[in-house]
Amino acid sequence: MWLTCPGCSARLEVPVLDVPLEQAVISCDCGVAGRLRFEQVRSRMDSAVAKLTARLRQDLESNRLKLPALPDVVLKVERMARDENAGAPEIAAVVERDPVLATKLLKLANSVLYRGRVEARTVQQAIARLGMANLRDYVLAILSRELYVVADPALGRFIERLWEHAITVAVASRELATRMRTG
């Protein structure tokens with residue numbers, strides 16, 4: 381983020397801070413401006429957010445913006461995983477209709493994080509190994525990934541790295557939280 385000094389028009393980089401914006405200050409070397417308060421940045425950010433929100437609303441209302449929809453299997457698995465009467469065989473039958481999802485769940489169930497003594501060879505075994513709570517999250521993560529496909533190769537690589545990082549952090553966070561509760 382950048383600020384422009386009102387005294388000399390120098391462009392000043394705003395550092396990442398450990399204090400609330402209301403308490404933060406940044407100084408310019410020109411001496412004329414003295415200390416610049418972050419309220420200027422906050423008001424600019426608020427203005428930019430308001431403009432973006434208004435533009436998105438207009439685009440949605442005029443049908444210029446099309447939001448992607450999650451595949452039906454996500455909703456079906458979500459509903460079934462919450463249903464006490466639905467078991468792994470019924471959910472596996474739904475998951476198996478989506479070969480990409482089935483393959484990725486098997487791969488996950490056999491990953492270092494979940495691998496058991498015996499390899500999971502069926503979707504039903506993978507579901508049993510992952511557990512219902514994890515299954516909902518993983519199905520959503522796996523299938524929502526398809527929503528982030530872009531035409532620009534450079535942006536695609538960036539999104540891919542960002543996605544992998546987000547998933548890694550999510551899995552590690554869940555594992556840490558589980559161990560902290562039981563440990």
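The sequence shown: position 106 = 486 (this note's numbering), numbered continuously.
Just so it is clear, CB atoms sit at the ideal spot from N, CA and C, and this is done for glycine as well.
Less than 8 Å separating the beta-carbons of leucine 450 and leucine 481?
By one-based count along the sequence shown, residue 450 stands at place 70. By one-based count along the sequence shown, residue 481 stands at place 101. Their beta carbons are not under 8 Å apart, which means leucine 450 does not touch leucine 481 by this criterion.
Length of the line joining the Cα atoms of asparagine 490 and leucine 436
For this step, residue 490 is matched to residue 110 along the sequence shown. For this step, residue 436 is matched to residue 56 along the sequence shown. For the pair asparagine 490 and leucine 436, the Cα-to-Cα distance works out to about 42 Å.
Which stretch, first to last residue, makes up the alpha helix (DSSP H) that contains leucine 450?
Against the sequence shown, residue 450 aligns to sequence position 70. Unbroken run through leucine 450: none, as it is neither H nor E.
Assigned secondary structure, arginine 391 (DSSP; H/G/I helix, E/B strand, else coil)
Taking the sequence shown and counting its residues from 1, one reaches residue 391 at position 11. If DSSP states are grouped into helix, strand and coil, arginine 391 belongs with the strands.
With H, G and I counted as helix, E and B as strand and the rest as coil, what does DSSP make of valine 429?
On the sequence shown, residue 429 is found 49 positions in, with the first residue counted as 1. The answer is helix: DSSP assigns valine 429 an H, G or I state.
Could you tell me the distance, in whole angstroms, from the CA atom of alanine 468 to the CA atom of leucine 432?
For this step, residue 468 is matched to residue 88 along the sequence shown. For this step, residue 432 is matched to residue 52 along the sequence shown. So the alpha carbons of these two residues sit roughly 44 Å apart.
Nearest-angstrom Cα distance between serine 389 and valine 429?
Numbered from 1 along the sequence shown, position 9 holds the residue referred to as residue 389. Numbered from 1 along the sequence shown, position 49 holds the residue referred to as residue 429. The alpha-carbon atoms of serine 389 and valine 429 are separated by roughly 24 Å.
Kindly list the residues whose CB is nearer than 7 Å to the CB of tyrosine 494, restricted to its own chain and excluding five residues on each side of it in sequence; keep chain order.
In the sequence shown, residue 494 corresponds to position 114, counting from 1. Only Leu488, Arg509, Leu510 meet the Cβ criterion.
CB-CB length for arginine 525 against alanine 461, believed under 8 Å
In the sequence shown, counting from the first residue as 1, residue 525 sits at position 145. In the sequence shown, counting from the first residue as 1, residue 461 sits at position 81. Between alanine 461 and arginine 525 the Cβ distance is about 19 Å, and since that is not below 8 Å, they are no contact.
When the Cα of serine 553 is compared with those of Asn514, Ala531, Gln505, which residue comes out closest?
In the sequence shown, residue 553 corresponds to position 173, counting from 1. The candidate whose alpha carbon is nearest that of serine 553 is Asn514.
Which value, in whole angstroms, describes the spacing of the CA atoms of glycine 536 and leucine 520?
As a working note, residue 536 is residue 156 in the sequence shown. As a working note, residue 520 is residue 140 in the sequence shown. Straight-line spacing of the CA atoms in glycine 536 and leucine 520 works out to 20 Å.
To the nearest whole angstrom, what separates the beta carbons of valine 453 and valine 474, a pair I think is in contact under 8 Å?
On the sequence shown, residue 453 is found 73 positions in, with the first residue counted as 1. On the sequence shown, residue 474 is found 94 positions in, with the first residue counted as 1. About 6 Å separates the beta carbons of valine 453 and valine 474, which is inside the 8 Å limit, making them a contact pair.
Flag aspartate 532 as yes when its Cβ comes closer than 7 Å to any non-hydrogen atom of the ligand ADP, and as no otherwise.
With respect to the ligand ADP, the structure shown offers nothing to examine, as it has no ligands at all.
Grab me the residues of lysine 456's own chain with a C-beta within less than 7 Å of its C-beta, minus the 5 sequence neighbours each way, in chain order.
Translated into positions along the sequence shown, residue 456 becomes position 76. The answer, listed in chain order, is Val474.
Isoleucine 471 and isoleucine 507: beta carbons closer than 8 Å?
The count along the sequence shown starts at 1 and reaches residue 471 at position 91. The count along the sequence shown starts at 1 and reaches residue 507 at position 127. Yes, the Cβ-Cβ distance between isoleucine 471 and isoleucine 507 is below 8 Å.
With DSSP as the reference, label aspartate 517 as helix, strand or coil.
In the sequence shown, counting from the first residue as 1, residue 517 sits at position 137. Helix, per DSSP.
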